[in-house]
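Peer 1: Below is a structure I'd like to ask you about.
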Amino acid sequence: MEFDDVIRTRRSVHQYSDADIDDETLYDLFEDVRHAPSSFNLQPWEFLVVRGDDLERLQSVAYGQEHVTDAAAAVVVLGTLDPSDHAERVTSDLLEKGYLPNEEAAEARLDTVEGLSNADSETRRVWTTQSSTLAAMTLMHAAWGRGIASCPMGGFDADALREEFDVPDDYEAVMVVTLGYPEDEAADLERPRKFRRPTEEFLHLDEFDPVARESPATADD
0 MEFDDVIRTR RSVHQYSDAD IDDETLYDLF EDVRHAPSSF NLQPWEFLVV
50 RGDDLERLQS VAYGQEHVTD AAAAVVVLGT LDPSDHAERV TSDLLEKGYL
100 PNEEAAEARL DTVEGLSNAD SETRRVWTTQ SSTLAAMTLM HAAWGRGIAS
150 CPMGGFDADA LREEFDVPDD YEAVMVVTLG YPEDEAADLE RPRKFRRPTE
200 EFLHLDEFDP VARESPATAD D
């Protein structure tokens, strides 16, 4: 599938067939995901793939949403809250390949990452969520390019999820992505696309001029 088609035809799908996703296909998906961009190239993401009976455990912390257990797999997207986790080897690679001019530049980069590691918890949460979300979108595009549908989910109890799956507190539960081959009707690309705001409404060239929002008083009228 051409990439333009992947972007324009991907849908969030809740109805999945009974077909499994084999290990080789999953590895292929995440081979694509590993190329996603990230802040400082620190790749803070981790992915827990939940399958089989364990999907019921995940459903229990996702407010009982049915498509969790209907899916072939669900991916828990996690982000480390310690930016320094992979900083040394990432920086060494940059220096070795000439992306950094010298040892001093490498040390300065590590100092910057260390400063981020010592930042407040909310700053680190935002940082890891930004990069991990990029990887999650890459996963959904990579999946649909292989005919595998997906649905991103923010509806889950993050604390309960961490407890259920023994995820340490120093990881942020960013989102859950369900995966599966879609049922025939769910994959019907002839159905009208759900509403999308027109480009000219959200694209701002050179200056920001947001579309006026309804005031609460107007919305209640």
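The opening residue of the sequence shown carries number 0 in numbering that gives the first Met the number 0; numbering runs sequentially from there. Positions of the beta carbon are idealized from the N, C-alpha and C atoms, including for glycine.
1) Is LEU94 near ALA104, with beta carbons less than 9 Å apart?
2) Within 10 Å of its beta-carbon, does PRO36 have 16 or more other beta-carbons around it, so buried, or fewer, so exposed?
3) Below 8 Å CB to CB, which residues in the same chain sit around ASP81 once its five sequence neighbours on both sides are set aside?
4) With ARG123 as the anchor, note down where its alpha helix (DSSP H) starts and where it stops.
5) Tell me which residue opens and which closes the alpha helix (DSSP H) that VAL74 is part of.
6) Closest by CA to GLU121, which one among VAL210, GLU162, GLU171, HIS66?
7) GLU162: which of ALA61, PHE2, GLN42 sits nearest, CA to CA?
8) Can you give me the Cβ contacts of MET139 inside the same chain, cut-off strictly under 6 Å, excluding the 5 residues immediately before and after it?
9) My output table needs one value for VAL210: the three-state DSSP class, helix, strand or coil.
10) Going by the beta-carbon positions, is the gap between ALA73 and TYR180 smaller than 9 Å?
11) Output yes or no for whether 9 Å exceeds the beta carbon distance between VAL75 and LEU54.
12) According to DSSP, GLY179 sits in a beta bridge with which residue or residues?
13) For GLY78, is the classification buried or exposed, using 16 other Cβ atoms within 10 angstroms of its Cβ as the cut-off for buried?
14) To the nearest angstrom, report how far apart HIS203 and VAL210 are at their CA atoms.
15) Report the CB separation of LEU182 from GLN64 in whole angstroms; it is logged as a contact under 8 Å.
16) Within a Cβ cutoff of 6 Å, which residues of the same chain sit near VAL32, ignoring the five residues on either side of it in sequence?
17) Roughly how many angstroms lie between the CA atoms of GLU113 and SER83, to the nearest whole one?
18) Report the residue from VAL166, LEU28, VAL173 whose alpha carbon sits nearest the alpha carbon of MET152.
19) Identify the continuous alpha helix (DSSP H) that holds PHE194 and give its terminal residues.
Peer 2: Let me lay it out:
1) Yes; because the gap between Cβ atoms is below 9 Å, this pair is in contact.
2) By the 10 Å Cβ count, PRO36 comes out exposed.
3) The beta carbon of ASP81 is closer than 8 Å to those of SER116, ARG123, ASP169 in its chain, skipping five residues each way along the sequence.
4) Its alpha helix (DSSP H) spans residues 120-143.
5) Under the DSSP assignment, VAL74 falls outside any alpha helix (DSSP H), being part of the beta strand (DSSP E) whose first and last residues are 72-79.
6) Closest in alpha carbon position to GLU121, among VAL210, GLU162, GLU171, HIS66, is GLU171.
7) Answer by Cα proximity: ALA61.
8) Taken in chain order, the residues that qualify are SER149.
9) When secondary structure is reduced to three states using DSSP, VAL210 falls in the coil class, being assigned neither helix nor strand.
10) Judged by beta-carbon spacing, TYR180 lies beyond the 9 Å limit of ALA73, meaning their Cβ atoms are not closer than that value.
11) Not a contact, by the Cβ cut-off of 9 Å.
12) Residue pairing by DSSP places GLY179 opposite ALA148 in a beta bridge.
13) By the 16-neighbour rule on beta-carbons within 10 angstroms, GLY78 is buried.
14) Our two residues, HIS203 and VAL210, have alpha carbons roughly 10 Å apart in a direct line.
15) In the sequence on display, residue 182 carries Glu and not Leu. GLU182 to GLN64, Cβ: 17 Å. No contact.
16) Counting only Cβ-Cβ distances below 6 Å, and skipping sequence neighbours, we find ALA134, THR137, LEU138.
17) Going from the Cα of GLU113 to the Cα of SER83 covers about 6 Å.
18) The option with the nearest alpha carbon to MET152 is VAL173.
19) Here PHE194 belongs to no alpha helix (DSSP H), and DSSP marks it neither H nor E.
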